[in-house]
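Heads up: take any position in the sequence shown, counting from 1, add 45, and you land on my numbering. The C-beta atom is built at its ideal place from N, Cα and C for all residues, glycine as well. As the structure is a prediction and not an experimental result, all values here were calculated from the model. Working notes for the structure below.
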Amino acid sequence: MRFTLPRDLYYGKNSIDILKTIKGKKAIIVVGGGSMKRFGFLDKVINNLKEAGMEIELFENVEPDPSVETVMKGAETMRKFQPDWIVSIGGGSPIDAAKAMWIFYEYPEFTFEQAIVPFGLPELRQKAKFIAIPSTSGTATEVTAFSVITDYKKGIKYPLADFNITPDIAIVDPALAETMPKTLTAHTGMDALTHAIEAYVSTAHSPFTDPLALKAIQMVFDNIIDSYNEDMKARENMHYAQCLAGMAFSNALLGIVHSMAHKTGAAFSGGHIPHGCANAMYLPFVIKYNAKETPERYAEIAKSVGIVGKSNEELIKNLCAKIDEYNVKLNIPRTIKEFGIDEKEFLEKLSEIAKNSVEDACTGSNPRSITPEQMEELFKACYYGTEVTN
């Protein structure tokens, strides 16, 4: 068994200023679109690193759900610049992309097909160390051993999983999270809740991950609606809650909510399903499916947040109702159909999506096993909003 976190985690308002103390010669900064620049955080990172005496290179415009092509382009830029620090600031996408770039910077001959084999990476930190500065409160990629990269030719998201890509330093500065739009706040908040719940019921959960997962769940329940409604103290608490959830799931792993979200996000021509939105929609249905195997764990979650019930079954039903209630308050659709995915296309792709979901890296630690046929039925429940019967 293993429990791995970044060596250092800095948190609190203006913790980004710790960059002034980092020792090194060259830093490449990997960033997404314009929001970090618009709000002045990119300049802050650049100035802090320059004050630390470093030469700076920028790799900008990492797209949402970063592609294999972007990763390879970034790795090539790193090979030319030869940084000893990789610094990524922004949402999950630029940080995930930077983690993957790091692999191919240090090992140019390594292939993407090799990289997607879970826990099969060569030893990193031969050339550079990694600093992650999240601006969203959901993915927790700043403390995890995961990176999600999309192969758009196949329409599939691949989770890269290896303790090697756990960042060396995480800077969890809530000032960055204050800039999130409301929809992103909703989606990332439900992503954090899904991380914590899946970590708690995972087959790989442990005495080290359980308290982190439960505390994260409690903090999300206490803060997610206020955070959505732009209460900045609640935003700060959500920024820390998602980080705790990340510490839990990086070590306990995840389950089929994530398998399903990975394999449907980029699958339909009718619209991309944002990752946190997909998780929020699928979570109550998956809880009902998994509860047939591990009712006690879900009942413990319900009790930890003050949900009452006379039996495990009632506690679980009330937990799912509460999650549905949050989705309504956060303006998240309850079903795939409500999201707007065409029924004909859904049914045409159902078999392939179900098969891909079962094969996803997150399925192995789900508390209940699942066949492609069962996955098809579960997806149908998620599409039509019907009861989970299998």
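query: What residue range is occupied by the uninterrupted beta strand (DSSP E) comprising Thr195?; result: 191-196
query: Which two residues bound the contiguous beta strand (DSSP E) that contains Val217?; result: 214-217
query: Report the three-state DSSP secondary structure of Val246 (helix, strand or coil).; result: helix
query: At the level of alpha carbons, what is the spacing between Asn372 and Ala325?; result: 7 Å
query: Please check the pair Ala173 and Pro212, which I expect to be a contact at CB under 8 Å, by giving their CB distance rounded to whole angstroms.; result: Going by Cβ atoms, the distance from Ala173 to Pro212 rounds to 11 Å, so no, they are not a contact pair.
query: Do Leu103 and Ile74 have their C-beta atoms within less than 8 Å of each other?; result: yes
query: At which residues does the alpha helix (DSSP H) containing Ser295 begin and terminate?; result: 277-297
query: Using the three-state DSSP reduction, which class does Ala323 fall into: helix, strand or coil?; result: helix
query: Alpha carbon to alpha carbon, how far is Tyr55 from Leu94?; result: 16 Å
query: Select from Thr156, Tyr152, Pro179, Ala185 the residue whose C-alpha is nearest the C-alpha of Leu169.; result: Tyr152
query: One question on the structure: do Val76 and Leu64 come within less than 8 Å of each other, judged by their Cβ atoms?; result: no
query: In the DSSP assignment, the alpha helix (DSSP H) including Gly137 goes from what residue to what residue?; result: 137-151
query: Report all residues from its chain with a CB closer than 8 Å to the CB of Glu436; omit the five preceding and five following residues, and keep chain order.; result: For residue 436 there is no data in the structure shown, the boundaries of the chain being 46 and 435.
query: Report the partner residues of Phe384 according to the DSSP bridge assignment.; result: Its beta-bridge partners do not exist; DSSP assigns none.
query: Quick one: is Tyr197 buried, meaning 16 or more other Cβ sit within 10 Å of its Cβ, or exposed?; result: exposed
query: Where does Ile262 sit, in a helix, a strand or coil, going by DSSP?; result: helix
query: Could you tell me whether the stretch 151-167 touches the stretch 264-274, using the rule of 3 or more Cβ pairs below 8 Å?; result: no
query: Determine, using beta-carbon pairs with one atom in the stretch 348-359 and one in the stretch 413-425, whether at least three such pairs fall under 8 Å.; result: no
query: For a quick check, are the C-beta atoms of Gly234 and Ser272 less than 8 Å apart?; result: yes
query: At 4 residues or longer, what runs of the alpha helix (DSSP H) sit wholly inside the stretch 62-125?; result: 80-83, 86-96
query: Rounded to the nearest angstrom, what separates Lys308 and Ile67 at their Cα positions?; result: 39 Å
query: What separation, rounded to the nearest whole angstrom, lies between the Cα atoms of Ile301 and Val331?; result: 7 Å
query: Tell whether a beta-carbon distance below 8 Å holds between Leu205 and Ile216.; result: no
query: In the DSSP assignment, what are the bridge partners of Tyr203?; result: Ile194
query: Kindly indicate which residue of Asp255, Thr230, Ile242 has the alpha-carbon position closest to the one of Ile269.; result: Thr230
query: Under 8 Å, with one C-beta from each stretch per pair, do the stretch 314-321 and the stretch 377-386 reach the 3-pair mark?; result: yes
query: Roughly how many angstroms lie between the CA atoms of Val188 and Gly291, to the nearest whole one?; result: 6 Å
query: Would you please state the rounded distance, in angstroms, between the beta carbons of Ile214 and Asp53? I believe it to be under 8 Å.; result: 5 Å
query: Kindly confirm or deny that the stretch 397-409 and the stretch 359-376 touch, where touching means at least three C-beta pairs closer than 8 Å.; result: no
query: To which residues does DSSP link Ala366 through a beta bridge?; result: Note: Ala366 sits in no beta bridge, so no partner.
query: Using only alpha-carbon positions, find the residue among Ile242, Val246, Asn435 that is nearest to Ala286.; result: Ile242
query: Nearest-angstrom Cα distance between Ala399 and Phe391?; result: 11 Å
query: Apply the 10 Å Cβ neighbour rule to Pro111 and answer buried if 16 or more other Cβ atoms are within range, or exposed otherwise.; result: buried
query: Give me the residue from Arg83, Ala311, Pro109 with the minimum Cα distance to Thr184.; result: Pro109
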